[in-house]
Amino acid sequence: MSGKRTFTMIKPDAVENGHIGAILEQIATAGFRIVAMKLTQMTKNDAEQFYAIHKERPFFGELVEFMTRGPIVAAVLEKENAVEDFRTLIGATNPAEAAEGTIRKKYATSIGENAVHGSDSDENAEIEAAFHFAGREQF
Ligand code: RTP
Ligand code: MG
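Our numbering runs 40 ahead of the 1-based position in the sequence shown.
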C-alpha cells in the first residue's frame with residue numbers, strides 16, 4: 041500500500057529565479073493537495089542534518105552551501121501514491137536527463153541546482169515533513 045504524503049522543497053535557485061508560482065501551479069494541476077507550506081531558510085546545521093545521508097559524497101559541501109544561500113518553499117503534499125508520482129512529476133536529478141515537461145526539465149539549471157526536492161520513500165517523507173513542520177502545521 042503506497043503512502044499518501046510526500047515532502048518537497050522549492051530550492052533556492054528556483055525561488056531566486058521567480059518560479060515559485062509556476063511550480064506550485066504545476067504541482068496543484070497534477071492533483072497534489074498542499075497540507076503544509078512555508079517560506080523558510082535552512083541554516084548550515086539544518087542542511088547538514090537534512091542531507092546527512094550524502095555526507096560522504098563529493099558534492100556534500102556544495103549541496104549544503106547551495107541549500108542555505110536563500111529561502112526555500114517547504115511543503116507537504118497529499119495524493120494517492122504521492123512519493124512515486126511526485127518524483128515522476130519532478131523528473132531526473134540531472135535536468136539534462138529529465139523527461140520533457142517535468143519540473144526539473146523546465147526550471148532546473150544543473151544537477152546540483154535542480155529546482156525541487158522530492159522525498160524518496162514514505163519513511164523519509166515522514167521524517168522530512170517532521171524536520172520542517174510541527175504536527176499542528178500539517179493539515
Ligand atoms: P532530492 O533528494 O533533492 O529530491 O534529489 P534526488 O533524490 O533526485 O537526488 P539525490 O541523489 O538525493 O541528491 C540530492 C541533491 O544533491 C545534489 N546533487 N548534486 N553535483 C552533483 O553531482 C550532485 N548530485 C546530487 C542535487 O541538488 C540533488 O538533488
Ligand atoms: Mg534524494
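Note that beta-carbon positions come from the ideal geometry of N, C-alpha and C, so glycine has one too. Note that the structure is a prediction, hence the values are computed from the model and not measured.
What is the DSSP secondary structure of residue i, reduced to helix, strand or coil?
{"i": "Thr108", "result": "coil"}
{"i": "Ile50", "result": "strand"}
{"i": "Ala114", "result": "strand"}
{"i": "His157", "result": "strand"}
{"i": "Met41", "result": "Residue confidence is low: Met41 scores 45 on pLDDT, short of 50, so the model does not pin down where it sits. Its coordinate-derived value is still stated next. Met41 falls in the coil class under three-state DSSP."}
{"i": "Thr9", "result": "The chain is shown only over 41 to 179; residue 9 falls outside these bounds and no answer can be derived."}
{"i": "Glu88", "result": "helix"}
{"i": "Gly175", "result": "helix"}
{"i": "Ala163", "result": "A quick correction: the sequence has Glu, not Ala, at residue 163. Residue state, collapsed to three classes: helix."}
{"i": "Ile151", "result": "coil"}
{"i": "Ala197", "result": "One cannot answer for residue 197 here, as it falls past the ends of the chain, which runs 41 to 179."}
{"i": "Glu96", "result": "coil"}
{"i": "Ala122", "result": "helix"}
{"i": "Glu168", "result": "helix"}
Within 10 angstroms of the Cβ of residue i, are there 16 or more other Cβ atoms? Answer buried if so, exposed if not.
{"i": "Phe126", "result": "buried"}
{"i": "Leu79", "result": "exposed"}
{"i": "Pro135", "result": "buried"}
{"i": "Ala139", "result": "exposed"}
{"i": "Thr17", "result": "The chain is shown from 41 up to 179; residue 17 falls before or after that span and cannot be answered."}
{"i": "Ala170", "result": "exposed"}
{"i": "Ile93", "result": "exposed"}
{"i": "Gln89", "result": "exposed"}
{"i": "Gly167", "result": "Before going further, note that residue 167 is Ile rather than Gly in the sequence given. Its Cβ having fewer than 16 others within 10 Å, Ile167 is exposed."}
Look at the Cβ atom of residue i, then the Cβ atom of residue j, and state whether they are nearer than 8 Å.
{"i": "Gly71", "j": "Lys119", "result": "yes"}
{"i": "Asp86", "j": "Ala155", "result": "no"}
{"i": "Gly43", "j": "Asp162", "result": "yes"}
{"i": "Thr142", "j": "Ile130", "result": "yes"}
{"i": "His157", "j": "Lys51", "result": "yes"}
{"i": "Met82", "j": "Met107", "result": "yes"}
{"i": "Arg45", "j": "Ala122", "result": "yes"}
{"i": "Leu117", "j": "Arg176", "result": "no"}
{"i": "Glu56", "j": "Gly101", "result": "no"}
Can you pull the DSSP bridge partners for residue i?
{"i": "Met77", "result": "Ala115"}
With 8 Å set as the bound, which would you pick, yes or no: does the beta-carbon of residue i sit closer than that to a beta-carbon of chain B?
{"i": "Val113", "result": "This model lacks chain B altogether; it includes just one protein chain."}
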